[in-house]
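Residue numbers (UniProt numbering): 1 to 460. Even for Gly, the Cβ is constructed at its ideal location relative to N, Cα and C.
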């Protein structure tokens, strides 16, 4: 909504009656806020302005600005918090997580698509279609956008996390954000930046030098100075701690991954008698039962050899190649079932603990571990496709950095949309294998590249 510049119609100080009404509306719209929090959000005596504007598409929006920062906006009689407000009250709305690479698209006016969601170990928040939600980035709890859910959580999972998930209304770095206040040194007791830097240098907190004419640069910082070490970050509220512990620190549990088969149009005649149609997803055991029942029901089992099945026109069309149509009249059971599976489309089902299954077509990509050469012939370990298994690349990178005592980086995976890869200095396949197999308990069949670990006695 604020991806492009808007036109301001008016900017006036709020009246006492309107201030009281706004407080009442906030209390009704956000019942989880306590009385003190509402008074903090909508202060009684501090400066509070009402800004009426027209968004670039013509929508009439009312923005409430407190102390120079937009805190709330109203659209079609619905009240919404800004990202500024969500930074102070991060638990105000159910929060969904996406990748940092997606933020640029959201700021540009795009909606959040379901493939861009990150599946946390505790599962997705439970919401209904039309619910207001916050959107944060992996590795950062502070919300960066707000949007309206385009479907319920159950519908998201049923869709296989495909389609539009949220209609985004407002994001960090959009045109509403620049309306917020920025630090102004002129309003401090120092009045000028040079005086501030001079004072900090006198206290031996920083060292300033004029590296080029007229340009002063900070060349050193004493991070052990009492003025710095005594700085205390305010503790989050008990509610925030509980949610953070429940969502961030919950142990990882691997998903259950089950291979499936999807019925294509060319196979519908074979499966329609059992109540299945094009696009139906079936397990291998179900397919075996359907084929056996079909053969028996249509008297296709060879009377002289029970191991053979006669092929009727439907079976011929479904499983035989064109050059076999008039030459192959019977097939053994195992060959019949094998051919049938080969003609079906591959699919798979992923079920995270406590969540509804997610079904997708194709084959799940394994976690891919490779070795590469970088500058000065240095070897690095690269791992991709962690997201498909519910793993956060940033968390994995942090763990490996500590375990391997080596530098790690997280970068966009080449050729993969909205996917990240972790790069670790040196051959760290052994550490990576231990983490994935022993600690995360992922099946070896879903990991490729473990054989690249250094052999005993050889230098990494």
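{"Asked": "Straight-line CA distance for residue 122 to residue 345?", "Found": "31 Å"}
{"Asked": "Between 291, 425, 147 and 14, which lies nearest to residue 374 when the distance is taken from Cα to Cα?", "Found": "425"}
{"Asked": "How far does the beta strand (DSSP E) with residue 332 in it extend, from its first residue to its last?", "Found": "330 to 332"}
{"Asked": "Taking Cβ positions, are residue 147 and residue 169 nearer each other than 9 Å?", "Found": "yes"}
{"Asked": "Can you give the Cα-Cα distance for residue 79 and residue 18, rounded to whole angstroms?", "Found": "14 Å"}
{"Asked": "Could you give the distance in angstroms between the alpha-carbon of residue 394 and the alpha-carbon of residue 106?", "Found": "21 Å"}
{"Asked": "Does residue 421 pass the burial test, meaning 16 or more other C-beta atoms within 10 Å, or should it be called exposed?", "Found": "buried"}
{"Asked": "Can you give me the start and stop residues for the beta strand (DSSP E) that residue 358 sits inside?", "Found": "358 to 361"}
{"Asked": "Could you pull out every residue in the same chain whose Cβ sits closer than 7 Å to the Cβ of residue 82, ignoring the five residues on either side in sequence?", "Found": "70, 71, 72, 73, 170 and 176"}
{"Asked": "Going straight from the alpha carbon of residue 194 to that of residue 66, what length do you get?", "Found": "30 Å"}
{"Asked": "Report the option in 149, 142 and 89 whose CA atom is closest to the CA atom of residue 111.", "Found": "149"}
{"Asked": "Contact criterion: CB-CB distance below 9 Å. Does residue 178 meet it with respect to chain B?", "Found": "The structure shown contains no chain B; it is built from a single protein chain."}
{"Asked": "Could you give the distance in angstroms between the alpha-carbon of residue 281 and the alpha-carbon of residue 64?", "Found": "51 Å"}
{"Asked": "Could you round the C-beta distance between residue 427 and residue 456 to whole angstroms and report it? I think they count as a contact, below 8 Å.", "Found": "That belief does not hold up - the Cβ atoms of residue 427 and residue 456 are roughly 13 Å apart, past 8 Å."}
{"Asked": "Beta-carbon within less than 8 Å of residue 348's beta-carbon, same chain only, minus the 5 sequence neighbours each way: which residues are those?", "Found": "257, 258, 259, 260, 359, 360, 362, 363 and 364"}
{"Asked": "Skipping 5 residues on each side, what residues in its chain have a beta carbon closer than 6 Å to that of residue 216?", "Found": "208 and 210"}
{"Asked": "How far does the beta strand (DSSP E) with residue 461 in it extend, from its first residue to its last?", "Found": "Residue 461 cannot be examined here, being either before or after the span of the chain that is shown, 1 to 460."}
{"Asked": "Using a threshold of 9 Å, state whether the C-beta atoms of residue 320 and residue 328 are closer than that.", "Found": "yes"}
{"Asked": "What does a CB cutoff of less than 8 Å around residue 15 pick up in its chain, not counting 5 residues either side in sequence?", "Found": "none"}
{"Asked": "DSSP state of residue 364, grouped into three classes?", "Found": "coil"}
{"Asked": "What is the rounded straight-line gap between the Cα of residue 442 and the Cα of residue 104?", "Found": "33 Å"}
{"Asked": "Which one or two residues does DSSP pair with residue 381 in a beta bridge?", "Found": "371 and 424"}
{"Asked": "Three-state secondary structure (DSSP) at residue 431?", "Found": "helix"}
{"Asked": "Would you report the Cα separation of residue 406 and residue 436, rounded to the nearest angstrom?", "Found": "18 Å"}
{"Asked": "Using DSSP with H/G/I as helix, E/B as strand and the rest coil, what is residue 236?", "Found": "Unreliable placement is indicated for residue 236, whose pLDDT of 43 sits below 50; the coordinate value is still reported in the next sentence. In this structure, residue 236 counts as coil in the three-state DSSP scheme."}
{"Asked": "Please go through the same chain and pick out, in chain order, the residues whose beta-carbon is closer than 6 Å to the beta-carbon of residue 75, but skip the five residues on each side of it.", "Found": "61"}
{"Asked": "Apply the 10 Å Cβ neighbour rule to residue 120 and answer buried if 16 or more other Cβ atoms are within range, or exposed otherwise.", "Found": "buried"}
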